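Asks: Protein chains in written order, with the working numbering: chain V, 107 to 569; chain W, 9 to 83.
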């Protein structure tokens, strides 16, 4: 905005609409108020619940240690908002600056933040997905329904897809003493996110905890009984798994369909935005009144060659939301870029898994501490002579050191002698990521744009 | 009640919270933390101690009265 006092006026009496009432939406709203936005704030959410936290849904809740209904997010401050919950946004008119809701209402805005996140990818065959006993796990209601079913003591649970969510579900089921089969298209669990070297450890952990793990297979069909309850699954190797609970964990789909035709640069890979969270329109021109944050956003990251990163990570949702909120109510010279190093965690089969950077960008891995055999180690990922990511299995305390190596683009292999010299260590080996043309569960980091090693860009128009 | 979230990116398993408020926080394996996302008011003081004692300040609790911020129509 120009120096005519219009920004001051906007901060005093403007209208901000936040579409998406989950972690990113809530933290953005709190930041707006914290930084002095005194105008009207409207929060739109498709679920009827106030903002809640998702990580417990696949852990504490499935273990029966917390109720799904009691996972609302703590409030860091009052947000004084108008809440429109239980009604999804259905359209956007960029010229008129209005969000259309599914119930036909229209909500006008001066600035808009889109934080609509992702949803679980459903089982592709609709009739089979409707069978009683077939679940996905993304929302509070999904988790509550699944926890009730696990409480009832099913004979066998089948988890389709061994990414982080699928693996956490399998872990919780085993901890409850339930028989579990996991079917994974890739060569190992977590292989898309962490590669085959670490995936092999994840496979060992599953099998040691009694999971019937089947890799390199796809589920081809789900069968129901006469009353419409799932009873079995057919696998691509010709085998059949008898099961009464199936959990489809095939990754997530970005909630951008409501923006189709709006002119905003939104699609299946998310909403493209600049490093300051301002969304691009379909012409590649950055808007000045529409921002995006959280799982639905993809923005260029300076540490990773300005590739567009979309991250389905809790910490990213928090930090990106705060930056988007700050930038929404700031002069252009006061805006700040979103540069946080990606980080995530998972806990499964008694092991705490944490990562920093972008392991899936790495081509080599070096086990710098601990040992793969003990399932306690630290793996450093290298890409073209630099450290690009790190993963810790029960070695979390060391991660800040590796994060610094990533932030300073330290050379790979690292020049320091490893801390506890083990046979696994010292030499980098192929990290063994799957061929990207072979389908597997997606990593929780999606890269787009051009390679960090090759900064040339070729523009090929479709017509 | 008091709502709780733990930034498990920050958490490094020091387990101070599990010592100070064992009804709310527990270690799960050597390093992972499990917590109850909603604690009774009776836990309030222990919870405040646990949040304050965390060496990496990873414990996030309600900073405002939860019922005052309740969203109308939430089911």
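Even for Gly, the Cβ is constructed at its ideal location relative to N, Cα and C.
The model shown is predicted, which means the values in this text are computed figures rather than measured ones.
#1: Which of helix, strand or coil does DSSP assign to residue 410 of chain V?
#2: Under the DSSP definition of a beta bridge, which residues are partnered with residue 417 of chain V?
#3: What residues from chain W crowd round residue 194 of chain V, counting only those whose CB sits closer than 7 Å?
#4: Would a check of beta-carbon distances place residue 45 of chain W closer than 9 Å to chain V?
#5: The region 180-191 of chain V: which residues have C-beta closer than 8 Å to a C-beta of chain W, in chain order?
#6: With respect to the beta strand (DSSP E) encompassing residue 487 of chain V, which residues constitute its N-terminal and C-terminal limits?
#7: Would residue 11 of chain W be called buried (16 or more neighbouring beta carbons within 10 Å of its own) or exposed?
#8: Please classify residue 177 of chain V: is it buried, with 16 or more other beta-carbons within 10 angstroms of its beta-carbon, or exposed?
#9: Just mark residue 534 of chain V as buried or exposed, buried being the case when its beta carbon has 16 or more other beta carbons within 10 Å.
#10: Extract the residue ranges of the beta strand (DSSP E) inside the region 176-257 of chain V, only unbroken runs of 3 or more that lie entirely within it.
#11: In whole angstroms, what separates the C-alpha of residue 564 of chain V from that of residue 163 of chain V?
#12: Leaving out five residues before and five after residue 559 of chain V in sequence, what residues of the same chain have Cβ atoms less than 7 Å from its Cβ?
#13: Please decide whether residue 450 of chain V counts as near chain W, where near means a Cβ-Cβ distance under 9 Å.
#14: Just to confirm the assignment, what range does the beta strand (DSSP E) spanning residue 275 of chain V have?
#15: Residue 341 of chain V bridges to which residues according to DSSP?
#16: Which residue comes first and which comes last in the alpha helix (DSSP H) that contains residue 54 of chain W?
#17: Any idea which residues DSSP pairs residue 492 of chain V with across the strands?
#18: Residues in its own chain within less than 6 Å of residue 423 of chain V by CB, not counting five upstream and five downstream?
#19: Quick one: does residue 52 of chain W have its CB under 9 Å from some CB of chain V?
#20: Once the 5 residues before and after residue 449 of chain V are set aside, which same chain residues still bring their CB inside 6 Å of it?
#21: Assuming residue 37 of chain W contacts residue 456 of chain V under a Cβ cut-off of 8 Å, what Cβ separation, rounded to an integer in Å, is found between them?
#22: Given a threshold of 16 other Cβ atoms within 10 Å of its Cβ, counted over all protein chains shown, does residue 276 of chain V qualify as buried or as exposed?
#23: CA-CA distance, residue 65 of chain W and residue 474 of chain V?
#24: Looking only at its own chain, which residues have a Cβ that is under 8 Å from the Cβ of residue 428 of chain V, when we skip the five neighbours before and after it?
#25: Quick check: is any heavy atom of the ligand GTP less than 8 Å from the C-beta of residue 355 of chain V?
#26: Check the Cβ of residue 453 of chain V against every Cβ in chain W and list those closer than 9 Å, keeping chain order.
#27: Quick check on residue 19 of chain W: does DSSP put it in helix, strand or coil?
#28: Could you give the distance in angstroms between the alpha-carbon of residue 313 of chain V and the alpha-carbon of residue 454 of chain V?
#29: Quick check on the DSSP output: the alpha helix (DSSP H) that includes residue 137 of chain V runs from which residue to which?
#30: Could you tell me the distance, in whole angstroms, from the CA atom of residue 71 of chain W to the CA atom of residue 173 of chain V?
#31: Mark residue 445 of chain V as exposed unless 16 or more other C-beta atoms lie within 10 angstroms of its C-beta, in which case mark it buried.
#32: Could you check whether the Cβ of residue 656 of chain V sits closer than 9 Å to any Cβ belonging to chain W?
#33: Using only the alpha-carbon positions, how far apart do residue 143 of chain V and residue 519 of chain V sit?
#34: Report yes or no: is there a C-beta of chain V within less than 9 Å of the C-beta of residue 24 of chain W?
#35: With three or more C-beta pairs closer than 8 Å as the rule, is the region 198-207 of chain V touching the region 363-370 of chain V?
#36: Quick one: which residues of the region 133-163 of chain V get their C-beta closer than 8 Å to a C-beta of chain W? List them in chain order.
Replies: On the basis of the coordinates in this document:
#1: If DSSP states are grouped into helix, strand and coil, residue 410 of chain V belongs with the helices.
#2: The bridge partners DSSP lists for residue 417 of chain V are V/551.
#3: Residues of chain W with a Cβ closer than 7 Å to the Cβ of residue 194 of chain V do not exist; the shortest Cβ-Cβ separation is about 15 Å.
#4: The beta carbon of residue 45 of chain W sits closer than 9 Å to some beta carbon of chain V.
#5: Within the region 180-191 of chain V, the residues whose Cβ lies closer than 8 Å to some Cβ of chain W are 180, 181, 182, 183, 184, 185, 189 and 191, listed in chain order.
#6: For residue 487 of chain V, the enclosing beta strand (DSSP E) begins and ends at 482-489.
#7: Its Cβ being crowded by 16 or more others within 10 Å, residue 11 of chain W is buried.
#8: Counting the other CB atoms within 10 Å of its CB gives residue 177 of chain V a total of 16 or more, which places it among the buried residues.
#9: Answer is buried; the Cβ neighbour count reaches 16.
#10: The region 176-257 of chain V contains these whole beta strand (DSSP E) runs: 188-191, 195-199, 204-207, 212-214, 217-220, 224-226 and 240-242.
#11: Residue placement at residue 564 of chain V is poorly supported in this model, since its pLDDT is 38, which falls under 50; the coordinates still yield a value, given next. Counting only the Cα atoms, residue 163 of chain V lies some 43 Å from residue 564 of chain V.
#12: Residue placement at residue 559 of chain V is poorly supported in this model, since its pLDDT is 41, which falls under 50; the coordinates still yield a value, given next. Hits under 7 Å: 490.
#13: Contacts with chain W at 9 Å (Cβ-Cβ) include residue 450 of chain V.
#14: Note, residue 275 of chain V: premise wrong, no beta strand (DSSP E); alpha helix (DSSP H) at 270-281.
#15: Residue 341 of chain V pairs with V/325.
#16: Taken as a continuous stretch (DSSP letters only), the alpha helix (DSSP H) holding residue 54 of chain W covers 52-61.
#17: In DSSP, residue 492 of chain V forms a bridge with V/489 and V/517.
#18: Residues 129, 130 and 400 of the same chain have their beta carbon placed closer than 6 Å to that of residue 423 of chain V, with the five preceding and five following residues left out of the count.
#19: Look at residue 52 of chain W: its C-beta is not under 9 Å from any C-beta on chain V.
#20: The residues 421 and 462, in chain order, have a CB closer than 6 Å to that of residue 449 of chain V in the same chain once the five nearest residues on each side in sequence are set aside.
#21: For residue 37 of chain W against residue 456 of chain V, the beta-carbon gap comes to about 4 Å, under 8 Å, which counts as contact.
#22: Label assigned to residue 276 of chain V: buried.
#23: The alpha-carbon atoms of residue 65 of chain W and residue 474 of chain V are separated by roughly 28 Å.
#24: Closer than 8 Å at the Cβ level, and outside the excluded window around residue 428 of chain V, lie 133, 134 and 137.
#25: Among the ligands in the structure shown, none appear at all, so the ligand GTP cannot be discussed.
#26: For residue 453 of chain V, the chain W residues whose C-beta falls within less than 9 Å of its own C-beta are 16, 36, 37, 39, 40, 41 and 42, listed in chain order.
#27: Residue 19 of chain W: coil per DSSP, three-state reduction.
#28: If you take the alpha carbons of residue 313 of chain V and residue 454 of chain V, they lie about 13 Å apart.
#29: Counting along the chain, residue 137 of chain V sits inside the alpha helix (DSSP H) bounded by residues 129-140.
#30: Separation of residue 71 of chain W and residue 173 of chain V (C-alpha to C-alpha, rounded to the nearest whole angstrom) is 22 Å.
#31: Label assigned to residue 445 of chain V: exposed.
#32: With chain V covering only 107 through 569, there is no way to say anything about residue 656 of chain V.
#33: Rounded to the nearest angstrom, the two C-alpha atoms are 47 Å apart.
#34: Taking 9 Å as the threshold, the shortest C-beta distance from residue 24 of chain W to chain V does not fall below it.
#35: Because the criterion of three Cβ pairs below 8 Å is met, the region 363-370 of chain V and the region 198-207 of chain V touch.
#36: Against chain W - using a Cβ distance shorter than 8 Å - the residues of the region 133-163 of chain V are 154, 155, 156, 159, 161 and 162.
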